[in-house]
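Residue numbers (my numbering), protein chains in the order written: chain A, 1 to 245; chain B, 246 to 490. For each residue, glycine too, the CB sits at the ideal point set by N, CA and C. Read through the structure below, which is laid out as structure tokens, and then see the notes.
Number of protein chains: 2
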Amino acid sequence: MNSSLRLVTAEPGLSRYASLAQALRARVVAGEWPPGSALPAESQLASEHGVALGTMRRALELLVEQGYIERIHGKGTFVRQGLTGATMLRFFRFDSGTGEVPVSRILQRSRVSAPAAVSRTLGIGAGEPVLRLHRLRLMGGQPRLFEELWLPLDLFAPLAEDDLTEWDDLLYPMFARRVQVHVHRALDDIGFAQLSATQARHLGLPAGHPCAQVQRSAFDRTGRCVEVRTTRGDAHAFHYTVTIT
Amino acid sequence: MNSSLRLVTAEPGLSRYASLAQALRARVVAGEWPPGSALPAESQLASEHGVALGTMRRALELLVEQGYIERIHGKGTFVRQGLTGATMLRFFRFDSGTGEVPVSRILQRSRVSAPAAVSRTLGIGAGEPVLRLHRLRLMGGQPRLFEELWLPLDLFAPLAEDDLTEWDDLLYPMFARRVQVHVHRALDDIGFAQLSATQARHLGLPAGHPCAQVQRSAFDRTGRCVEVRTTRGDAHAFHYTVTIT
DNA sequence: AAGTGGTCTAGACCACTCT
DNA sequence: GAGTGGTCTAGACCACTTG
């Protein structure tokens with residue numbers, strides 16, 4: 001129980017609380033405190049680093065802003081779990097707007113070597129093995145979204161040959177549970193296109209039908225890209241709201 | 246020079262800094278410090294209200310988050326000007342992607358009584374008079390965006406019959422300068438649709454061509470809706486990026 | 001040099017959660 | 001009641017901007 005001081009060497013041009021935040025973030029990312037677990041109390045962290053309480057609070061506030069931790073009054077400070085999921089629905093409005101989670105059906109799963117564009121986004125070597133999925137999402141029995149996913153095999157190998165009935169409707173909680181991949185941030189690029197014959201068939205729409213197209217890159221806490229996905233759905237069901245300030 | 250104390254009665258269930266922020270926001274909204282002007286120094290505000298410096302700083306931080314003021318190290322605290330403009334371009338990518346401001350051409354201006362949907366969004370009585378505009382925006386000589394705008398006449402009367410050559414390419418700075426309407430927040434709802442024959446003609450595209458459609462409501466500092474606008478452009482030029490955390 | 005906001009300290013006290 | 005985070009104080013000192 002040696003309570004040795006952890007002094008943070010002041011980075012040039014960085015305030016002390018910013019340096020502290022950097023150091024703490026590194027320990028979170030390294031897994032010293034796993035997702036969902038509690039950090040030491042702010043008072044303990046402060047004395048451990050030889051700074052005033054207010055300074056440590058500023059550092060922790062930064063990590064909250066950056067999405068690494070969350071604080072609960074009276075309980076403690078916790079490492080955030082990954083994103084919960086169902087987020088694609090934020091872009092589409094189908095008639096049954098009851099907030100229900102779409103049912104997911106895996107149409108195809110194969111081990112392939114990554115196409116150039118995919119390996120570049122995933123940040124892996126050209127032609128490295130990836131898991132490719134075709135996935136249909138249904139609401140009220142109707143097929144609504146068609147997805148293509150690419151997952152780097154080194155992280156997702158256990159999911160390459162299991163029973164497909166073990167796949168959940170929501171992927172991110174499943175990724176966390178079964179392969180310890182926690183999606184921390186996602187970047188969605190929205191565009192417009194027309195459905196290919198194959199895509200259209202799966203969605204029960206005519207080929208060439210206008211579709212909204214969401215290209216997602218998802219990242220874990222270390223900043224590594226762990227998923228590339230393209231989602232397509234009827235353009236007429238698309239809507240999204242942005243607030244500008 | 247009476248330095249009387251301005252005590253803020255603590256609202257039940259509100260922290261002192263939150264109450265202070267509320268009180269200061271009311272004075273900003275009321276125009277006690279006009280847009281672009283400086284607030285008193287934080288030290289003066291603190292002693293004026295009989296609170297510690299740190300408490301006043303927390304209050305001012307809140308107003309920064311909410312977009313009412315901005316602080317510049319070494320200079321002071323200033324009431325924010327309205328949004329600058331050119332923001333529609335965030336949704337489209339045309340070949341000449343040089344960040345140039347699109348040239349604006351007013352095609353039509355008329356005084357009409359507000360349609361039901363418009364008067365509802367503007368929060369004015371049914372059939373109240375509004376200024377309706379059709380506006381084309383061009384980049385590199387090519388027509389790219391077609392806009393319909395509705396402005397409540399009580400605020401924009403001076404713009405109802407002036408020389409149209411006095412209209413700028415960017416509306417919001419002009420609104421601030423000529424009718425003292427400062428747009429503080431805007432809400433954009435994105436969807437996909439097809440161009441009507443008239444819309445298509447203005448954009449040099451075939452009728453029924455797919456288009457991205459942005460429906461904007463713009464608000465001033467008091468929270469009043471001061472503009473309703475629909476912007477349409479070629480769906481293939483549309484793109485938008487969202488980060489999820 | 002004077003005035004501004006930004007950082008940091010070392011406390012006290014309050015509000016919430018759990019047992 | 002013990003432990004947590006949230007608020008508030010009354011200072012000191014630093015960094016930036018302007019005359």
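Counting along the chain, where does the beta strand (DSSP E) carrying residue i start and finish?
i       : result
G76(A)  : G76 to V79
M139(A) : P129 to M139
S104(A) : V103 to S113
E70(A)  : I69 to I72
L432(B) : R430 to Q439
Applying the criterion that 16 or more other CB atoms from any shown protein chain within 10 Å of the CB defines a buried residue, is residue i buried or exposed?
i       : result
G478(B) : buried
Q444(B) : buried
V226(A) : buried
L250(B) : exposed
T476(B) : buried
M246(B) : For M246(B), the predicted structure reports a pLDDT of 38, less than 50, and the residue's modelled location is therefore unreliable. A value from the coordinates is still provided. Its Cβ having fewer than 16 others within 10 Å, M246(B) is exposed.
L14(A)  : exposed
P455(B) : buried
L133(A) : buried
Y172(A) : buried
A176(A) : buried
V112(A) : exposed
Give a yes or no on whether the C-beta atoms belonging to residue i and residue j are separated by under 8 Å.
i       : j       : result
R144(A) : P102(A) : yes
L252(B) : G299(B) : no
A193(A) : Q213(A) : yes
A38(A)  : G76(A)  : yes
L89(A)  : V183(A) : no
V130(A) : L155(A) : no
R185(A) : G67(A)  : yes
R382(B) : E393(B) : no
T87(A)  : I489(B) : yes
F238(A) : F92(A)  : yes
I317(B) : L409(B) : no
F78(A)  : E65(A)  : no
Can you tell me which of the options puts its alpha carbon nearest to the alpha carbon of residue i?
i       : options                               : result
R325(B) : V487(B), R466(B) and C470(B)          : R466(B)
E61(A)  : F156(A), P173(A) and A21(A)           : A21(A)
L187(A) : F219(A), F175(A) and P173(A)          : F219(A)
G276(B) : V426(B), L383(B) and E411(B)          : V426(B)
A235(A) : L203(A), R229(A) and F78(A)           : L203(A)
L290(B) : R272(B), P280(B), G281(B) and C456(B) : R272(B)
R120(A) : L151(A), L63(A) and L195(A)           : L151(A)
R229(A) : A237(A), I190(A), D168(A) and D95(A)  : I190(A)
S217(A) : I72(A), F91(A), P34(A) and G123(A)    : G123(A)
R469(B) : D407(B), P280(B), G372(B) and V274(B) : V274(B)
S288(B) : R303(B), R380(B) and T486(B)          : R303(B)
S104(A) : M56(A), E166(A) and D162(A)           : E166(A)
R135(A) : W33(A), P12(A) and D168(A)            : D168(A)
M301(B) : S264(B), G281(B), R423(B) and P451(B) : S264(B)
R354(B) : S292(B), A402(B), M419(B) and P451(B) : A402(B)
Could you give the residue range of the alpha helix (DSSP H) that holds residue i?
i       : result
L28(A)  : It is worth fixing the name first, because residue 28(A) is Val in this sequence and not Leu. Segment R16 to V29, the alpha helix (DSSP H) holding V28(A).
E306(B) : L298 to E310
T366(B) : A361 to L367
L155(A) : L153 to F156
H484(B) : Careful: H484(B) lies outside any alpha helix (DSSP H), inside the beta strand (DSSP E) at H484 to I489.
R201(A) : A197 to L203
R177(A) : L171 to V179
Open item on the list: Short of 7 Å Cβ to Cβ, which residues in the stretch 205-223 of chain A face chain B?
Closed with: Residues P210 and A212.
Open item on the list: To be precise: take each residue of the stretch 15-46 of chain A, compare its Cβ to all Cβ atoms of chain B, and keep it if any distance is under 8 Å. Which residues remain?
Closed with: Residues: none.
- [ ] Could you name the residues of the stretch 166-188 of chain A whose beta carbon sits closer than 7 Å to any beta carbon of chain B, in the order they occur along the chain?
- [x] Answer set for the stretch 166-188 of chain A: R185, A186, L187 and D188.
Task: Residues in the stretch 72-96 of chain A having any Cβ partner in chain B nearer than 8 Å - done: Within the stretch 72-96 of chain A, the qualifying residues are L83 and T87.
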